[in-house]
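Participant: To start, I am sharing the structure in question, which I have written as structure tokens.
Protein chains: 2
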Amino acid sequence: MTRFDLRSDQIPTAWYNALPDLPAPLEPPLHPATNQPVGPDDLMPLFPMGLIGQEVSTEAWIDIPGEVIDILRLWRPTPLVRAERLEQALGTPARIYYKDESVSPAGSHKPNTAVPQAFYNAAEGITRLTTETGAGQWGSSLAFAAAQFDIECKVYMVRASYEQKPYRRILMETWGASVVPSPVADPTSPGSLGMAISDAVADAAPRADTHYALGSVLNHVLLHQTIIGLEAKDQLALAGEDRPDVVISSCGGGSNLAGLALPFMGDPEVRLVAVEPSSCPTLTEGAFEYDFGDTAGMTPLLPMYTLGHDFMPPSIHAGGLRYHGDAPIISNLVQHGRMEAIAYPQGKTFEAAVRFARTEGKVPAPETGHAIRGAIDEALAAKEAGEERVILFNYSGHGFLDLAAYDDYLNGRLIDV
Amino acid sequence: MTRFDLRSDQIPTAWYNALPDLPAPLEPPLHPATNQPVGPDDLMPLFPMGLIGQEVSTEAWIDIPGEVIDILRLWRPTPLVRAERLEQALGTPARIYYKDESVSPAGSHKPNTAVPQAFYNAAEGITRLTTETGAGQWGSSLAFAAAQFDIECKVYMVRASYEQKPYRRILMETWGASVVPSPVADPTSPGSLGMAISDAVADAAPRADTHYALGSVLNHVLLHQTIIGLEAKDQLALAGEDRPDVVISSCGGGSNLAGLALPFMGDPEVRLVAVEPSSCPTLTEGAFEYDFGDTAGMTPLLPMYTLGHDFMPPSIHAGGLRYHGDAPIISNLVQHGRMEAIAYPQGKTFEAAVRFARTEGKVPAPETGHAIRGAIDEALAAKEAGEERVILFNYSGHGFLDLAAYDDYLNGRLIDV
Numbered sequence: 001m002t003r004f005d006l007r008s009d010q011i012p013t014a015w016y017n018a019l020p021d022l023p024a025p026l027e028p029p030l031h032p033a034t035n036q037p038v039g040p041d042d043l044m045p046l047f048p049m050g051l052i053g054q055e056v057s058t059e060a061w062i063d064i065p066g067e068v069i070d071i072l073r074l075w076r077p078t079p080l081v082r083a084e085r086l087e088q089a090l091g092t093p094a095r096i097y098y099k100d101e102s103v104s105p106a107g108s109h110k111p112n113t114a115v116p117q118a119f120y121n122a123a124e125g126i127t128r129l130t131t132e133t134g135a136g137q138w139g140s141s142l143a144f145a146a147a148q149f150d151i152e153c154k155v156y157m158v159r160a161s162y163e164q165k166p167y168r169r170i171l172m173e174t175w176g177a178s179v180v181p182s183p184v185a186d187p188t189s190p191g192s193l194g195m196a197i198s199d200a201v202a203d204a205a206p207r208a209d210t211h212y213a214l215g216s217v218l219n220h221v222l223l224h225q226t227i228i229g230l231e232a233k234d235q236l237a238l239a240g241e242d243r244p245d246v247v248i249s250s251c252g253g254g255s256n257l258a259g260l261a262l263p264f265m266g267d268p269e270v271r272l273v274a275v276e277p278s279s280c281p282t283l284t285e286g287a288f289e290y291d292f293g294d295t296a297g298m299t300p301l302l303p304m305y306t307l308g309h310d311f312m313p314p315s316i317h318a319g320g321l322r323y324h325g326d327a328p329i330i331s332n333l334v335q336h337g338r339m340e341a342i343a344y345p346q347g348k349t350f351e352a353a354v355r356f357a358r359t360e361g362k363v364p365a366p367e368t369g370h371a372i373r374g375a376i377d378e379a380l381a382a383k384e385a386g387e388e389r390v391i392l393f394n395y396s397g398h399g400f401l402d403l404a405a406y407d408d409y410l411n412g413r414l415i416d417v
Numbered sequence: 001m002t003r004f005d006l007r008s009d010q011i012p013t014a015w016y017n018a019l020p021d022l023p024a025p026l027e028p029p030l031h032p033a034t035n036q037p038v039g040p041d042d043l044m045p046l047f048p049m050g051l052i053g054q055e056v057s058t059e060a061w062i063d064i065p066g067e068v069i070d071i072l073r074l075w076r077p078t079p080l081v082r083a084e085r086l087e088q089a090l091g092t093p094a095r096i097y098y099k100d101e102s103v104s105p106a107g108s109h110k111p112n113t114a115v116p117q118a119f120y121n122a123a124e125g126i127t128r129l130t131t132e133t134g135a136g137q138w139g140s141s142l143a144f145a146a147a148q149f150d151i152e153c154k155v156y157m158v159r160a161s162y163e164q165k166p167y168r169r170i171l172m173e174t175w176g177a178s179v180v181p182s183p184v185a186d187p188t189s190p191g192s193l194g195m196a197i198s199d200a201v202a203d204a205a206p207r208a209d210t211h212y213a214l215g216s217v218l219n220h221v222l223l224h225q226t227i228i229g230l231e232a233k234d235q236l237a238l239a240g241e242d243r244p245d246v247v248i249s250s251c252g253g254g255s256n257l258a259g260l261a262l263p264f265m266g267d268p269e270v271r272l273v274a275v276e277p278s279s280c281p282t283l284t285e286g287a288f289e290y291d292f293g294d295t296a297g298m299t300p301l302l303p304m305y306t307l308g309h310d311f312m313p314p315s316i317h318a319g320g321l322r323y324h325g326d327a328p329i330i331s332n333l334v335q336h337g338r339m340e341a342i343a344y345p346q347g348k349t350f351e352a353a354v355r356f357a358r359t360e361g362k363v364p365a366p367e368t369g370h371a372i373r374g375a376i377d378e379a380l381a382a383k384e385a386g387e388e389r390v391i392l393f394n395y396s397g398h399g400f401l402d403l404a405a406y407d408d409y410l411n412g413r414l415i416d417v
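So this is what it looks like as structure tokens:
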């Protein structure tokens, strides 16, 4: 329970770009119609040049604009915490640290990229953004960020979530966004992320004042998240640690994992571990191939581990991990052996989440429960081996809006897939 | 949006005891049956000696036990933030700072006293605590704290909240507490805080292993909360401010207000302002007299501003401000002119809360909306007067579990009392 804080003026001023340092060059995205590599012109109806440039940049460091830092400072630098009470409960010689991204306005790591995305769009004269959201983590982050730059924000929310989980919708509306259930064209359909992407893209593409924003998978999104790992590096030094032995995060699209792990990629002694749900085992059981980013097959084809763009995972509580593919950067690292991947059924992740809540006090998001499970098992392995391992994991979000899931778990109603 | 952080090792090591410095000595609580001053013997069935001693201590400073500091460090010191984006939106020359107590595990200032209360009880061999809770802010804080000291925790929750607001109940259960609807004896009654106090006291009084815990009003509770203002003082110095011109907090029982304001009490140039709901105007329209702390008339009589212990405020969203009386310390300060009090209808507080969310990013609890309204109006008065006032307010809790209230406000369904 010791915290290692950076001051407000110690926030990183540049993002780390992993592209030039990957084990092998990233294969390009392909146009869905022509199967030819996608160029900047293809992306301009949807994204500002500032972000398109970052998507393919070969610079190792990319400056964070001052206007972005000004807003990130509302909650950054985030705490790095040593989980001593969890260590004691496990009886492990390992030292467990977590980076607490739950302190952001929206309660997760997502605003780290929502803010620069809103900024670059505003800087190029865009006055309106559209996006899709499932349960609402990404939509609420973009709603918050758009409000900071006086950009109008329209969120297409998967209809089943819109109707059953009103809290994040209200959060988006509190920040001034307008939220509509998707698919717009079929009010009888429960919807899906793929359909919501189609709605958001179809809204943005023809309008000169409107762009589209995506919350994971793409290179520029992962770039923006590296601020997590850059801060963590400085904070581990404050804690007197040379390096972590292992860096662990949950993995859906891969942005919170990349954010923490990429800045440690260059040190071969640091193991990098992705934790995914057994019910959506993209990295552990998927195939590495070109696949569409969306269900409908409208987006470019990306080189990634995938279960197939029509794969429908069961309705687990960690909605943010229910994605059929993975970010190309993450896929590249796993393909070339630089990153490990493990999978857990959700019961084991909730057991870990409750253990964390009772020792460290904080109630994690179901997604974050995966990282905690990974960290606990690593700490138990260290105990078994009698080794003083240094474990770093990403506390990617809080569970205040996911308490119904805990109710299911505590009362034996959880379907343990 | 500049943050002024203290390091983990700069957490205060003593609480400030306001009792010896009040404008006039505090009149003693009276026994409900005999009308004679209550002595330690009367309190021993319910409270540990460590807390009974603090209730009447005349020492100016009381050391915080190391075991308590170890747990407070899970989230303390909390941030002090300058709300520059709000200042800009208001066009005010005032500098607005807020102390962010929402970062605690339970999401409010309440764990500041739940942790020492659990500690002193555990230190005296108590293995079980009971308490009451309305919507659950206090109950969840005690559930968290009890889990840290392996104390069993039983929470009597007002039945109407138990049935309609399951989220904080689940939070309590996640931390291992057992939660039952109150009144236990009458399953058809919606219950009230007064009835729940009776249930919790009736459970604790006859059992040697069990004590009772209260989340506001009493002197020792306010003492524990002074850590808020003590940190804020150090952080204002970091920000280059000599002193705040005015300190503002919402006021229900008075613990978050006292926590921020008491450490500034000794400086006559600092104005102290309590903000309460118009629908429960204890300080602005109540009478100063002896009254019971609970509805049923079982607790000692306290010298305080009160609307009468049978006063039933309307069901506003700021449930934590629906108390018929005020802490004796707060009442003493208002009675002797050291503290001001203002009241707002809830519509104005939600307007302020939404303005805050859209400028500073964070969505406040409805209770906290009262402090924000007070701070905004003070900033607008400074603008009118052309004065550079330094305003400090308490951001006492987040609104993630109160989003239904925002939904009502944004859609014109709020009853504006």
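Residue numbers (the numbering used here), protein chains in the order written: chain A, 1 to 417; chain B, 1 to 417. C-beta: ideal position from N, C-alpha, C; glycine also. Keep in mind it's a predicted model, so treat the numbers as computed, not measured.
1) Spatial neighbours of residue 68 of chain A within its chain, please: CB distance less than 6 Å, with the 5 preceding and 5 following residues excluded, ordered by chain position.
2) Could you list the residues in the segment 350-363 of chain B with a C-beta less than 9 Å from some C-beta on chain A, going in chain order?
3) What beta strand (DSSP E) runs, 3 residues minimum, are completely inside the segment 57-119 of chain A?
4) Give every residue of the same chain whose Cβ lies closer than 8 Å to the Cβ of residue 266 of chain A, excluding the five residues on either side of it in the sequence, and list them in chain order.
5) Express the C-alpha separation of residue 228 of chain A and residue 153 of chain B in angstroms, rounding to a whole number.
6) Name, please, each residue of chain B whose Cβ falls closer than 8 Å to the Cβ of residue 15 of chain A.
7) Counting pairs of Cβ atoms below 8 Å between the segment 357-372 of chain A and the segment 202-220 of chain A, do you hit three or more?
8) Please classify residue 17 of chain A: is it buried, with 16 or more other beta-carbons within 10 angstroms of its beta-carbon, or exposed?
9) Quick one: what's residue 248 of chain B bridged to in DSSP?
10) For the beta strand (DSSP E) containing residue 4 of chain B, name the first residue and the last one.
11) In three-state terms, what does DSSP make of residue 406 of chain B?
12) Pull out every residue of the segment 304-326 of chain B whose Cβ sits closer than 9 Å to any Cβ of chain A, in chain order.
13) Roughly how many angstroms separate the alpha carbons of residue 264 of chain B and residue 202 of chain B, rounded to a whole number?
14) With a threshold of 8 Å, are at least 3 pairs of Cβ atoms found where one atom belongs to the segment 105-112 of chain A and the other to the segment 136-144 of chain A?
15) Using a Cβ-Cβ distance under 9 Å, would residue 173 of chain B count as near chain A?
16) With distances taken between CB atoms, is the gap from residue 278 of chain A to residue 345 of chain A smaller than 9 Å?
17) Mind checking if residue 398 of chain A is an interface residue toward chain B, Cβ cutoff 9 Å exclusive?
18) Are any of the Cβ atoms in chain B nearer than 9 Å to that of residue 85 of chain A?
19) Would you list the residues sitting across from residue 227 of chain A in a DSSP beta bridge?
20) Can the beta-carbon of residue 176 of chain A be found closer than 9 Å to that of residue 250 of chain A?
21) Between which residues of its own chain and residue 405 of chain A is the CB-CB distance below 7 Å, once the five residues before and five after are set aside?
22) Alpha carbon to alpha carbon, how far is residue 285 of chain B from residue 394 of chain A? Give it in angstroms, no decimals.
23) Taking 9 Å as the CB-CB limit, is residue 148 of chain B close to chain A?
24) Determine, using beta carbons only, whether residue 2 of chain A comes closer than 9 Å to chain B.
25) Along the chain, which unbroken stretches of the alpha helix (DSSP H) at least 4 residues long are found entirely within the segment 313-374 of chain B?
26) Less than 6 Å between C-beta atoms, sequence neighbours within five positions excluded: which residues of the same chain meet that for residue 302 of chain A?
27) Taking C-beta pairs closer than 9 Å, name the residues in chain A that residue 166 of chain B reaches, listed in chain order.
28) Determine whether the beta carbon atoms of residue 305 of chain A and residue 283 of chain A lie at a separation below 9 Å.
29) Please confirm if the segment 383-390 of chain B is in contact with the segment 319-335 of chain B, defined as three or more CB-CB distances below 8 Å between the two stretches.
30) Note the first and the last residue of the continuous alpha helix (DSSP H) segment covering residue 288 of chain A.
31) How many angstroms separate the CA atom of residue 225 of chain B from the CA atom of residue 54 of chain B?
32) Any C-beta of chain B sitting closer than 9 Å to the C-beta of residue 119 of chain A?
33) Give me the Cα-Cα distance between residue 93 of chain A and residue 274 of chain B, rounded to the nearest whole angstrom.
34) Using a beta-carbon distance cut-off of less than 7 Å, what residues from the segment 288-302 of chain A approach chain B?
35) Have a look at the DSSP bridge pairing and note the partners of residue 182 of chain A.
36) Between which residues of its own chain and residue 311 of chain A is the CB-CB distance below 8 Å, once the five residues before and five after are set aside?
Facilitator: The relevant details are as follows:
1) Position 68 of the first sequence, counting from 1, holds the residue named residue 68 of chain A. Counting only Cβ-Cβ distances below 6 Å, and skipping sequence neighbours, we find 115, 116 and 119.
2) 353, 354, 357, 358, 359, 360, 361, 362 and 363
3) 61-63, 80-82 and 95-100
4) Taking the first residue of the first sequence as position 1, residue 266 of chain A is located at position 266. So the qualifying residues of the chain are 21.
5) Here residue 153 of chain B refers to the residue found at position 153 when the second sequence is read from its first residue. Here residue 228 of chain A refers to the residue found at position 228 when the first sequence is read from its first residue. So the alpha carbons of these two residues sit roughly 37 Å apart.
6) Here residue 15 of chain A refers to the residue found at position 15 when the first sequence is read from its first residue. In chain order: nothing, as chain B lies at least about 20 Å away.
7) no
8) Walking along the first sequence from the start, residue 17 of chain A turns up at place 17. Classification for residue 17 of chain A: buried.
9) Taking the second sequence and counting its residues from 1, one reaches residue 248 of chain B at position 248. B/273 and B/393.
10) The sequence position of residue 4 of chain B within the second sequence is 4, counting from 1. Its beta strand (DSSP E) spans residues 2-4.
11) Numbered from its first residue, the second sequence carries residue 406 of chain B at position 406. It is helical.
12) none
13) Counting from 1 along the second sequence, the entry for residue 264 of chain B is found at position 264. Counting from 1 along the second sequence, the entry for residue 202 of chain B is found at position 202. Cα-Cα distance, rounded: 38 Å.
14) yes
15) For the purposes of this step, residue 173 of chain B is taken as residue 173 along the second sequence, with counting starting at 1. True, the Cβ-Cβ gap to chain A drops below 9 Å.
16) The residue given as residue 278 of chain A occupies position 278 in the first sequence. The residue given as residue 345 of chain A occupies position 345 in the first sequence. The answer is yes: Cβ separation under 9 Å.
17) Working through the first sequence from its first residue, we reach residue 398 of chain A at position 398. Taking Cβ atoms only, chain B reaches closer than 9 Å to residue 398 of chain A, which makes this a yes.
18) One-based indexing of the first sequence puts residue 85 of chain A at position 85. True, the Cβ-Cβ gap to chain B drops below 9 Å.
19) Position 227 of the first sequence holds residue 227 of chain A. According to DSSP, residue 227 of chain A bridges with nothing at all.
20) The residue given as residue 176 of chain A occupies position 176 in the first sequence. The residue given as residue 250 of chain A occupies position 250 in the first sequence. Not a contact, by the Cβ cut-off of 9 Å.
21) Position 405 of the first sequence, counted from the start, is the residue given in the question as residue 405 of chain A. Once the five neighbours on either side are set aside, the close Cβ partners of residue 405 of chain A are 317 and 366.
22) Counting from 1 along the first sequence, the entry for residue 394 of chain A is found at position 394. Counting from 1 along the second sequence, the entry for residue 285 of chain B is found at position 285. So the alpha carbons of these two residues sit roughly 50 Å apart.
23) Within the second sequence, numbered from 1, the residue matching residue 148 of chain B stands at position 148. It does: the Cβ of residue 148 of chain B has a partner Cβ on chain A nearer than 9 Å.
24) Counted from its first residue, the first sequence places residue 2 of chain A at position 2. Yes, contact with chain B.
25) 328-335 and 346-360
26) Here residue 302 of chain A refers to the residue found at position 302 when the first sequence is read from its first residue. Contacts found: 29, 293 and 328.
27) Your numbering for residue 166 of chain B matches position 166 in the second sequence. Those within 9 Å of residue 166 of chain B in chain A are 403, 404 and 407.
28) Sequence index remark: in the first sequence, residue 305 of chain A carries index 305 (1-based). Sequence index remark: in the first sequence, residue 283 of chain A carries index 283 (1-based). For residue 305 of chain A and residue 283 of chain A, yes; Cβs fall inside 9 Å.
29) no
30) Working through the first sequence from its first residue, we reach residue 288 of chain A at position 288. Per DSSP, residue 288 of chain A belongs to no alpha helix (DSSP H); it is in the beta strand (DSSP E), 287-292.
31) On the second sequence, residue 225 of chain B is found 225 positions in, with the first residue counted as 1. On the second sequence, residue 54 of chain B is found 54 positions in, with the first residue counted as 1. Roughly 13 Å between the two C-alpha positions.
32) The count along the first sequence starts at 1 and reaches residue 119 of chain A at position 119. No, its Cβ sits nowhere closer than 9 Å to a Cβ of chain B.
33) For the purposes of this step, residue 93 of chain A is taken as the residue at position 93 of the first sequence. For the purposes of this step, residue 274 of chain B is taken as the residue at position 274 of the second sequence. Taking the straight line from one Cα to the other gives about 49 Å.
34) none
35) Against the first sequence, residue 182 of chain A aligns to sequence position 182. According to DSSP, residue 182 of chain A bridges with A/158.
36) Counted from its first residue, the first sequence places residue 311 of chain A at position 311. So the qualifying residues of the chain are 280 and 324.
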